[in-house]
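Asker: The structure is given below, and queries will be raised subsequently.
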Ligand SMILES: Cc1cc2nc3c(=O)[nH]c(=O)nc-3n(C[C@H](O)[C@H](O)[C@H](O)COP(=O)(O)OP(=O)(O)OC[C@H]3O[C@@H](n4cnc5c(N)ncnc54)[C@H](O)[C@@H]3O)c2cc1C
Ligand code: SF4
Ligand code: SF4
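Protein chains in written order, with this note's numbering: chain F, 4 to 112; chain G, 584 to 1058.
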């Protein structure tokens, strides 16, 4: 069993090595992209946690999460595109946003 | 129509590219630019039996028009008109579409041998996706963890590092950009057809044809060029193409909201001639469509936000086309306020509003007003600067020069090379389509004369035919 785990499968290894080489070659982009993805993942997690309580307007979400209001709206629009949040009712001059029931996960983002 | 009579190079339209190892192809005509002008030209040529390659720099054909909401003066849905043309071009057996392509060189070779050929050398940028294998399922897009501003939505929402460019893009094939990719491998894991190619390289393509039509359109003058209007840094000051996305049915928010915080705007202003008729920006000409698109957007806004105040600050309204004046009068009747004024500057205001400083030209002098959202009616700049790439002549305004603007408006200074649409100067869709039809007709006439000449080569009539080619090419 242990042997099977460590056994080298040439096709897979070649692919892994190729990806490793590409990562090194594209380090100038891979690093910042990874950092951005981590930042957005954290922000989206905070938005999900806020919306899990109740639907909210972008300024309310921004206040609850500490995110800037424009970033909050940008993330909400992105999450809406991938079916994670939906527009709910209106409060004053703002729409409220809610988590979509059984929405498909938009990557790990 | 008997295509063989016109199209002796009927069969060899082979191009590989998009993941093969370079490629080449021989066509009757090359169309550079896959906007509405390029598509209409290609369709009109292909329907006459001529084989065409449409070379597009973006990942999808469709140009500006597929990105618009509705179009003046009819208020038809832009996508409803453009998508069928895009699909017709994609399915036409005489049309080959090449996306993600940069033109490195377009020149005539062997000109003294019966007119020679036009040769285009292209670089096709990698999509990092096998275009034959990709079925457009978007599984990669859903799996990708990287979000980056989506230029297709005015930057108002995010898109993934790998994605289908937009919902009605043609081809419906994914594209991955390495600048935003963290090479996590998730897209390859979920792709049902193993279409991802992380190591795809740019490819060189060589296309040969007897005629070419330049349909490279326009780009919007950048907001960041105008210091008085905030260089693009004032929140809630957007450009007119961004407003098209806010108004579009598949727009970033699904409705018009203020980008700084999602507020439903109560008051929206348009600043006309923001990027035209302005020597300080190097754009001395009128961009012709800005008055009409601002009026159109204002009408659409008053439909979607009936309680909002909509103001258009203008120097003079240029409603030049058929039914356009009526369109303008209708907008006034709907309650849209037209203020004859030159906007001097814009300032951000606490709370997200924008202060507009303007000089009222009806005598009220210098004044100030606040609006929740300000739209800059930016002008049109040439979409392509051929520079060293192609020896076609350029006019003083930077657009492609037309040598007989009154009698044969699609003729350029380069024999066998024609121009259509906004590539020759700012124009609306009606004029673009009309001109595209004219360019196709001129190119067809030129090709027919060339074919006749080839058939008669080295006969006593050859000289006469050569003269007729020159006439077709130069009016
Ligand atoms: C905000 C706004 C709203 C508008 N609304 C309306 C309206 O309601 N009604 C109306 O009639 N008109 C409207 N217009 C005008 C309309 O967009 C143009 O008339 C039309 O898009 C011109 O089509 P075109 O094909 O000439 O250019 P484009 O649409 O610009 O297409 C050119 C194509 O060529 C490609 N290209 C450029 N350079 C190269 C190159 N070197 N190699 C390969 N490909 C290249 C581009 O990527 C693009 O796909 C509007 C314009 C704006 C800015
Ligand atoms: S998952 Fe594969 S087949 Fe589906 S869109 Fe992405 S690349 Fe194409
Ligand atoms: S490899 Fe790149 S494009 Fe693919 S899912 Fe990861 S980050 Fe996205």
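Backbone N, C-alpha and C define an ideal beta-carbon position, used for all residues, glycine too.
Just so you know, these numbers come straight off a predicted model, no measurement behind them.
Give me whichever residues DSSP pairs with residue 983 of chain G in a beta bridge.
Answerer: Looking at the DSSP assignment, residue 983 of chain G forms a beta bridge with G:977.
Asker: Could you spell out the range, first to last residue, of the alpha helix (DSSP H) harbouring residue 828 of chain G?
Answerer: First-last of the alpha helix (DSSP H) with residue 828 of chain G: 823–830.
Asker: For chain G, check one thing: does any of its Cβ atoms lie closer than 7 Å to the Cβ of residue 19 of chain F?
Answerer: No, residue 19 of chain F does not count as interfacial toward chain G.
Asker: Leaving aside the five residues before and after residue 885 of chain G along the sequence, list all residues of the same chain whose C-beta is less than 8 Å from its C-beta, in chain order.
Answerer: Excluding residues within five positions, the ones whose Cβ falls inside 8 Å are 891, 893, 917, 918, 919.
Asker: Do you know whose CA, among G:899, G:962, G:847, G:909, lies nearest residue 943 of chain G's CA?
Answerer: With distances taken between Cα atoms, residue 943 of chain G lies closest to G:899.
Asker: Please classify residue 814 of chain G as buried or exposed, where buried requires at least 16 other C-beta atoms within 10 Å of its C-beta.
Answerer: Label assigned to residue 814 of chain G: exposed.
Asker: Look at the alpha carbon of residue 65 of chain F and the alpha carbon of residue 713 of chain G, and state the distance between them as a whole number of angstroms.
Answerer: Computed Cα separation, rounded: 41 Å.
Asker: Under 7 Å between C-beta atoms, does residue 847 of chain G make it to chain F?
Answerer: Yes, residue 847 of chain G lies at the interface with chain F (some Cβ there is under 7 Å from its Cβ).
Asker: Quick check: the Cα distance between residue 738 of chain G and residue 80 of chain F, rounded to an integer number of angstroms?
Answerer: Near 11 Å, if we compare the C-alpha coordinates of residue 80 of chain F and residue 738 of chain G.
Asker: Compare the C-beta of residue 729 of chain G against all C-beta atoms of chain F and say whether one is closer than 7 Å.
Answerer: Yes - at least one Cβ of chain F is within 7 Å of the one on residue 729 of chain G.
Asker: Would you kindly report the start and end of the unbroken alpha helix (DSSP H) that includes residue 753 of chain G?
Answerer: Run containing residue 753 of chain G: none; DSSP gives neither H nor E here.
Asker: Report yes if the C-beta distance between residue 802 of chain G and residue 966 of chain G is below 7 Å; otherwise report no.
Answerer: Contact flag set, yes.
Asker: Hey, residue 1065 of chain G and residue 620 of chain G: beta-carbon distance below 7 Å or not?
Answerer: Nothing can be reported for residue 1065 of chain G: it is not among the residues displayed for chain G, which extend from 584 to 1058.
Asker: For residue 81 of chain F, return the contacting residues in chain G, with the cut-off set at a CB-CB distance below 7 Å.
Answerer: Per Cβ cutoff of 7 Å: 730, 740, 741.
Asker: Could you say if the stretch 625–633 of chain G and the stretch 806–820 of chain G meet the contact criterion of at least three C-beta pairs nearer than 8 Å?
Answerer: The stretch 625–633 of chain G, when compared against the stretch 806–820 of chain G, does not touch it at the 8 Å Cβ threshold.
Asker: Determine the contact status of residue 792 of chain G and residue 994 of chain G, defining contact as a CB-CB distance below 7 Å.
Answerer: Going by C-beta atoms, residue 792 of chain G is not nearer than 7 Å to residue 994 of chain G.
Asker: Suppose the cutoff is 6 Å on Cβ atoms and the five residues either side in sequence are ignored; what does the same chain contact list for residue 794 of chain G look like?
Answerer: Once the five neighbours on either side are set aside, the close Cβ partners of residue 794 of chain G are 612, 999, 1026, 1029, 1030.
Asker: Between the C-alpha atoms of residue 7 of chain F and residue 20 of chain F, what's the straight-line distance to the nearest angstrom?
Answerer: In this prediction, residue 7 of chain F has a pLDDT of 45, which is less than 50 and means its spatial position is unreliable; what the coordinates show is noted afterwards. Cα to Cα, the separation comes out at about 20 Å.
Asker: Could you tell me whether any non-hydrogen atom of ligand 3 is closer than 6 Å to the CB of residue 745 of chain G?
Answerer: Indeed, a heavy atom of ligand 3 lies less than 6 Å from the Cβ.
Asker: Would residue 72 of chain F be called buried (16 or more neighbouring beta carbons within 10 Å of its own) or exposed?
Answerer: Flag for residue 72 of chain F reads buried.
Asker: Of all the CB atoms in chain F, is at least one closer than 7 Å to the CB of residue 785 of chain G?
Answerer: Chain F, which has no Cβ nearer than 7 Å to the Cβ of residue 785 of chain G, makes this no.
Asker: Could you tell me the alpha carbon to alpha carbon distance between residue 787 of chain G and residue 660 of chain G, rounded to whole angstroms?
Answerer: Rounded to the nearest angstrom, the two C-alpha atoms are 37 Å apart.
Asker: With a Cβ-Cβ cutoff of 7 Å, do residue 785 of chain G and residue 708 of chain G count as a contact?
Answerer: Yes, these two residues count as a Cβ contact at 7 Å.
Asker: Using the three-state DSSP reduction, which class does residue 729 of chain G fall into: helix, strand or coil?
Answerer: Residue 729 of chain G: coil per DSSP, three-state reduction.
Asker: Would you mind listing the beta strand (DSSP E) stretches within the stretch 776–861 of chain G that are 3+ residues and don't spill past its ends, in chain order?
Answerer: Counting only runs of 3 or more, we get 786–792, 794–797, 801–803, 820–822, 850–854.
Asker: Closer than 7 Å by C-beta to residue 907 of chain G: which residues in its own chain qualify, once you throw out the five before and the five after it? Chain order, please.
Answerer: Within the same chain, residue 907 of chain G has close Cβ partners 656, 875.
Asker: Within its chain, find whatever has a CB closer than 8 Å to the CB of residue 883 of chain G; leave out the 5 residues flanking it on each side and keep chain order.
Answerer: Around residue 883 of chain G: 652, 653, 658, 830.
Asker: Taking its Cβ as the centre, do 16 or more other Cβ atoms sit within 10 Å of residue 57 of chain F, making it buried, or is it exposed?
Answerer: Classification for residue 57 of chain F: exposed.
Asker: By DSSP's criteria, residue 612 of chain G is part of a beta bridge. Which residues make up the other side?
Answerer: Residue 612 of chain G is bridged to G:635, G:794.
Asker: Just to confirm my understanding: we take residue 750 of chain G, look at its own chain, exclude 5 residues before and 5 after, and list those with CB closer than 6 Å. What are they?
Answerer: Excluding positions up to five away in sequence, the list reads 833.
Asker: Pick from G:647, G:677, G:915, G:679: whose alpha carbon is nearest that of residue 666 of chain G?
Answerer: Closest by alpha carbon: G:647.
Asker: At which residues does the alpha helix (DSSP H) containing residue 34 of chain F begin and terminate?
Answerer: Its alpha helix (DSSP H) spans residues 30–56.
Asker: Tell me whether residue 674 of chain G is buried or exposed, calling it buried when 16 or more other Cβ atoms sit within 10 Å of its Cβ.
Answerer: Classification of residue 674 of chain G: exposed, given that the 10 Å Cβ count is below 16.
Asker: Which chain G residues are close to residue 73 of chain F, counting only those with a beta carbon under 8 Å from its beta carbon?
Answerer: Those within 8 Å of residue 73 of chain F in chain G are 818, 842, 843, 844.
Asker: CA-CA distance, residue 715 of chain G and residue 846 of chain G?
Answerer: Cα to Cα, residue 715 of chain G sits roughly 44 Å from residue 846 of chain G.
Asker: Between residue 681 of chain G and residue 923 of chain G, what straight-line distance do the alpha-carbon atoms span, to the nearest angstrom?
Answerer: Spanning the two alpha carbons is a distance of roughly 46 Å.
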